[in-house]
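Mapping to this note's numbering: the sequence shown position 353 is 369, numbers consecutive.
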Amino acid sequence: MIADAGIRGDANGAATKLETTRKVLLEFVAAHYAGEGYHSEPGFIKNTLAHTITMLGLATYPAQWPTFVRDIIGMAGIPDATGPISRESADGVSASSLCPTLVDFMLKFMSSLDEEMVNRTVPRGAEEMARNTEIKDAMRVADVNRMAHAWYVVLVCLSGTNADLAQEVLRLMGAYVSWIDINLIVNESFMRILFELLRVPSLQCAACHCLTRIVSKGMRPMEKLYLLQFLGIVDAMKQLDAGNDEFAEEVGKLANVTAIELKSIWIDKSASGEAQAAANSMLEQLLPLLLNFLSYKRSEVSSAVFPAINDVLGVFKKMQREGIELSSIQQQFTTQLLPVLVEKLQYSEEYSWPSPRDAAVGDNDGSLDEDDDEAMFGELRHSLRVFIDAIGQISPQLYDSVVLKTAKDIFRQCSEYGVSAERAADEGGQGRGQLGWVRAELGIYLTQAYGERLSSSKGLRFGGTRFSQANGTPATNTNPQSSAIASLKDLLTTMIQSGIVRTSHPAIAPMYFENLVRFNGYFEAERDAVAPVLRSFLGETGIHHPYNSVRPRIWYFLHRFIKQLPSPALAMYSSDFISAVASLLKINADPTAPGAAPESIGGSAGYGLFDSQLFLFEVCGMMLAPAGLDDATRMALLQHLFDPLFAGAQHTMNSKSADQILQDPQALLQIHHYLTAIGSIVKGFPDVRVDKAASASTPEHLSASTVQVFLKAADMCIAILEALCSSRLIREASRFTLSRMLSVLGTEALPYLPRLINSLISSCAVEELLDLLGLLGQAVFKFKPYVAPTASELLLPVISKVYGFLDQVAQTGTSGTDEAVLLQDLRKAYLSWVGAIFSSDLDSIFLAPQNAQHLVTIFQPVATQLATDPTTPQSQRLAFSVLSKAVQAWLVDPMGWHTLATLTP
Numbered sequence: 017m018i019a020d021a022g023i024r025g026d027a028n029g030a031a032t033k034l035e036t037t038r039k040v041l042l043e044f045v046a047a048h049y050a051g052e053g054y055h056s057e058p059g060f061i062k063n064t065l066a067h068t069i070t071m072l073g074l075a076t077y078p079a080q081w082p083t084f085v086r087d088i089i090g091m092a093g094i095p096d097a098t099g100p101i102s103r104e105s106a107d108g109v110s111a112s113s114l115c116p117t118l119v120d121f122m123l124k125f126m127s128s129l130d131e132e133m134v135n136r137t138v139p140r141g142a143e144e145m146a147r148n149t150e151i152k153d154a155m156r157v158a159d160v161n162r163m164a165h166a167w168y169v170v171l172v173c174l175s176g177t178n179a180d181l182a183q184e185v186l187r188l189m190g191a192y193v194s195w196i197d198i199n200l201i202v203n204e205s206f207m208r209i210l211f212e213l214l215r216v217p218s219l220q221c222a223a224c225h226c227l228t229r230i231v232s233k234g235m236r237p238m239e240k241l242y243l244l245q246f247l248g249i250v251d252a253m254k255q256l257d258a259g260n261d262e263f264a265e266e267v268g269k270l271a272n273v274t275a276i277e278l279k280s281i282w283i284d285k286s287a288s289g290e291a292q293a294a295a296n297s298m299l300e301q302l303l304p305l306l307l308n309f310l311s312y313k314r315s316e317v318s319s320a321v322f323p324a325i326n327d328v329l330g331v332f333k334k335m336q337r338e339g340i341e342l343s344s345i346q347q348q349f350t351t352q353l354l355p356v357l358v359e360k361l362q363y364s365e366e367y368s369w370p371s372p373r374d375a376a377v378g379d380n381d382g383s384l385d386e387d388d389d390e391a392m393f394g395e396l397r398h399s400l401r402v403f404i405d406a407i408g409q410i411s412p413q414l415y416d417s418v419v420l421k422t423a424k425d426i427f428r429q430c431s432e433y434g435v436s437a438e439r440a441a442d443e444g445g446q447g448r449g450q451l452g453w454v455r456a457e458l459g460i461y462l463t464q465a466y467g468e469r470l471s472s473s474k475g476l477r478f479g480g481t482r483f484s485q486a487n488g489t490p491a492t493n494t495n496p497q498s499s500a501i502a503s504l505k506d507l508l509t510t511m512i513q514s515g516i517v518r519t520s521h522p523a524i525a526p527m528y529f530e531n532l533v534r535f536n537g538y539f540e541a542e543r544d545a546v547a548p549v550l551r552s553f554l555g556e557t558g559i560h561h562p563y564n565s566v567r568p569r570i571w572y573f574l575h576r577f578i579k580q581l582p583s584p585a586l587a588m589y590s591s592d593f594i595s596a597v598a599s600l601l602k603i604n605a606d607p608t609a610p611g612a613a614p615e616s617i618g619g620s621a622g623y624g625l626f627d628s629q630l631f632l633f634e635v636c637g638m639m640l641a642p643a644g645l646d647d648a649t650r651m652a653l654l655q656h657l658f659d660p661l662f663a664g665a666q667h668t669m670n671s672k673s674a675d676q677i678l679q680d681p682q683a684l685l686q687i688h689h690y691l692t693a694i695g696s697i698v699k700g701f702p703d704v705r706v707d708k709a710a711s712a713s714t715p716e717h718l719s720a721s722t723v724q725v726f727l728k729a730a731d732m733c734i735a736i737l738e739a740l741c742s743s744r745l746i747r748e749a750s751r752f753t754l755s756r757m758l759s760v761l762g763t764e765a766l767p768y769l770p771r772l773i774n775s776l777i778s779s780c781a782v783e784e785l786l787d788l789l790g791l792l793g794q795a796v797f798k799f800k801p802y803v804a805p806t807a808s809e810l811l812l813p814v815i816s817k818v819y820g821f822l823d824q825v826a827q828t829g830t831s832g833t834d835e836a837v838l839l840q841d842l843r844k845a846y847l848s849w850v851g852a853i854f855s856s857d858l859d860s861i862f863l864a865p866q867n868a869q870h871l872v873t874i875f876q877p878v879a880t881q882l883a884t885d886p887t888t889p890q891s892q893r894l895a896f897s898v899l900s901k902a903v904q905a906w907l908v909d910p911m912g913w914h915t916l917a918t919l920t921p
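Have a look at this one:
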């Protein structure tokens, strides 16, 4: 009733009802909240009553209840007063003459008033906003002045005895200052007591927050400058003792908004030159204070000034681009700022990491647990990196002298004294004795930061000696080295030679190996570094790292590292590599992994640790692929890898019947893993290049013995698929493995394609059929014309499966959005496959005897359904493309042999 009357006016005698309600409520407050009974009243009751009176006031102010603000203030014992605020405003008022409980209720009312009218987090309709605007305009005439007098009286009389009430007043002042006349608060009397409260421990945080809101009030540039000068805010902050972390954070926020406001005036072209110079002068005085807060150990304090640091550096960058030289104070600030930023990049020495035993329990997902602290530190580092990179643009020489020197000093200290995995701090204090893991990690991180900055600005083109892809021998690169690239090379060399990776702390190895992968061009110039780096990868702090949470991440980096090296250079390391990795290749299927659930297969859930093991299997294939590797050695190593997989799969298949295996999730998952591991090893070998002019022979890049091993694996895979084709797990693994066989063996694997497709389409789901169509499209394109007989044989079964799905949906409809999307993808995949047949000049397979009689069945749905469905424009375009290609292939007469008279219907 109250809200409706306030917004839409008097209706059904609402005015009389509201008047009665007002009297009852005010009498209740005066009678029951003036004594100790107020404290026994539940908080939500008091808040609800304050809100109700607020709504009542808004519904009747100013026409029916013009004194509602005055009445509430008067109930608290505060005399009615308007006009300028001075010390005399509190004369005649003492703490004993005020009723603290009614003062508290008055403040609740004012807080509710702000929430209803001003607070931007509260959604409001257009009518409500219009009403609020009218009420604020009316309140500005006198009632806001009354509120300011009331705040002043409470601060003068009660701040020494009732800190809670004083804190609430300061909070309300900060909230109201955004829309009231600032002179009601920013005057000599108010500011005197406000600055006095900055030295009262119980009130200094609230007073500082109030000042922050005052400084951040929206104003014209000249008015804001006069405000800051009147407050003397810079000098005031310099005199504050911010020893308490909570207070230091508030003062930091005040310094932050002050710096932002001064920066805005400084660069505002509408401001006078005198005003800009004054703002710049004040800002330069404030810079040391920003630096001081940034240096605080507590991140909440240091991050309070991040926006100001960002704005200041942004102006400095603009000046540098425009050729404007920084002043001596600005240069000094930048010089002092960079070491502080670099130091803040460190982990806290109190940061605790799990022990290897704890980290190994249930943490097989290949990543460290990112709890709140880790996430917050990551955000902190990101912000610091932005500032550091900005200084790199402003003064590259300063950046190099600090970042490079810090990283190199850390690596040299590591070379001399080593690193402790247990102790965070350096043994003899920072920079002395054995390194703690904190500074060791910082050195690696700075190396990454330095390299990334070069990569983003110039691109990384390492000069010097590099590998020849043809035979792995050195080839000379005559591109001149820039000094920055040379510095990065030197830094990476120092990092590798320091032996820093030998520490087992989980923060060290992942970033160390990530750097080697990111800046892999380094190994083109420094090929002698490959051997020691590989030894580090294969060592106890590499792929055998004691932290189970770290180990899979390093497996991934090893995969990327080997993949980036030229294949000929790997042959000399193959035997040692396989021996070092072998112990990690044991497969233990985990039925509890998300991807093992039937509904998750084929999705993105994953198979736990096994997903990371696949990187190792693939990299083993890469190590055995080089042509320079002795074939006998390759065969021995291949047998070493394949024999356990063959034996494991055969043992599982022979130990139970097919029906029993299909009912055993553990057995199915184990077989799936064996087949996928085989496919991953094959994936490490390069794809075959099929010479269209040659006959379909054994791929030249593989020896005959290697081909035989792969064909044996293909035989086993297809046999398992045919026995267990009703399992989606087995279909997934077989499709992956045999598709890799097809890519590597080329035409040698084509005979397996009909058996693969026939086994898969018998039970496949829509998403599996999408993958099949993609595989067939690649085979048609890559192995034309050899694939023509196979494609002809598979044409009708595949098309029948596609139309079967589409007809089923046409009859029953889709069950949801996901299924509708899948079917759209199926249409596109099918039409793309048919289009690929025409594009590969294999359209003759449609005219084969077993297929020609079904041409109408094949193309009629394309013309009458897919090409005419306006709900799927992309499928429409593909359908018209297929029809166009069919016309060009069969109805266009480029030789002019026929005329209309000779064509038969």
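Where is the CB? At the ideal position from N, CA and C, for every residue including glycine. Computed from a predicted structure; not experimentally measured.
- Between Ile276 and Gln292, the gap from beta carbon to beta carbon reaches 8 Å or more.
- The DSSP assignment places 315 to 318, 322 to 337, 344 to 360, 372 to 375 as complete runs of the alpha helix (DSSP H) inside the region 300 to 382, in order along the chain (cut-off: 4 residues).
- Taking the Cα of Leu210 as reference, the smallest distance to any Cα among Arg38, Asn135, Ser175, Ala804 is reached at Ser175.
- By alpha-carbon distance to Leu792, the top candidate from Cys780, Thr806, Glu783 is Thr806.
- Pairwise C-beta distances place the region 816 to 825 in contact with the region 770 to 787, as three or more of them are shorter than 8 Å.
- When beta bridges are read from the DSSP output, Val435 appears opposite Leu451.
- For Met189, the closest of Leu123, Ala845, Glu239 by C-alpha to C-alpha distance is Leu123.
- In the structure shown, the three-state DSSP call for Gly248 is coil.
- The C-alpha of Ala883 is placed about 13 Å away from the C-alpha of Gln840.
- Under the three-state reduction of DSSP, Ser102 is assigned to coil, being neither helix nor strand.
- Collapsing the DSSP output to three states places Gly73 in a helix.
- Taking C-beta atoms under 8 Å as the contact rule, Pro237 and Asp284 qualify, at a distance of about 5 Å.
- Pairing Cys741 with Asn604, the inter-Cα distance amounts to about 22 Å.
- A residue is called buried when at least 16 other Cβ atoms come within 10 angstroms of its Cβ; Ser56 does not meet this threshold and is exposed.
- For Trp195, the closest alpha carbon among the candidates Val109, Gln824, Val157, Ala222 is that of Val157.
- Distance from the CA atom of Phe535 to the CA atom of Phe332, rounded to whole angstroms, is 30 Å.
- Following the DSSP letters along the chain, one finds Thr228 inside the alpha helix (DSSP H) bounded by residues 220 to 231.
- The beta carbon of Leu278 is closer than 6 Å to those of Ala295, Met298, Leu299 in its chain, skipping five residues each way along the sequence.
- For Gly664, the enclosing alpha helix (DSSP H) covers residues 647 to 671.
- The continuous stretches of alpha helix (DSSP H) do not include Leu718, and DSSP gives it neither H nor E.
- Ranked by how close their Cα comes to the Cα of Phe478, the residues Ala500, Ser472, Ala643 have Ala500 in first place.
- Short of 6 Å from the beta carbon of Val546, and not among the five residues preceding or following it, lie these beta carbons of its own chain, in chain order: Phe539.
- In the three-state DSSP reduction, Ile196 falls in the coil class, being neither helix nor strand.
- Short of 6 Å from the beta carbon of His689, and not among the five residues preceding or following it, lie these beta carbons of its own chain, in chain order: Ile603, Ala605, Phe626.
- Scanning its chain for C-beta atoms nearer than 8 Å, with the 5 sequence neighbours on each side dropped, one finds around Leu41 the residues Leu65, Thr68, Ile69, Leu72, in chain order.
- In the pairwise beta carbon analysis, the region 741 to 757 is classified as touching the region 677 to 695: at least three pairs are separated by under 8 Å.
- In this structure, Tyr363 lies near Glu457, with their beta-carbon atoms less than 8 Å apart.
- With contacts defined as CB atoms closer than 8 Å, Tyr466 and Leu414 fail to qualify as a contacting pair.
- Residues of the same chain with a CB within less than 7 Å of the CB of Leu171, apart from the 5 flanking positions on each side, are Ala182, Val185, Ile209 in chain order.
- Residue environment: Asp389 is assigned as exposed (fewer than 16 neighbouring CB atoms within 10 Å of its CB, all protein chains considered).
- If you check the CB distance, Pro607 and Gln682 come in under 8 Å.
- Comparing C-alpha distances from Ala585 to each of Pro642, Pro562, Glu395, Thr888 shows the shortest one belongs to Pro642.
- Contact annotation, Leu305 with Ala264: C-beta distance approximately 11 Å; criterion of less than 8 Å not satisfied.
- In this model, Ile404 and Lys269 are separated by some 21 Å (Cα to Cα).
- For Arg843, the enclosing alpha helix (DSSP H) starts and ends at 833 to 855.
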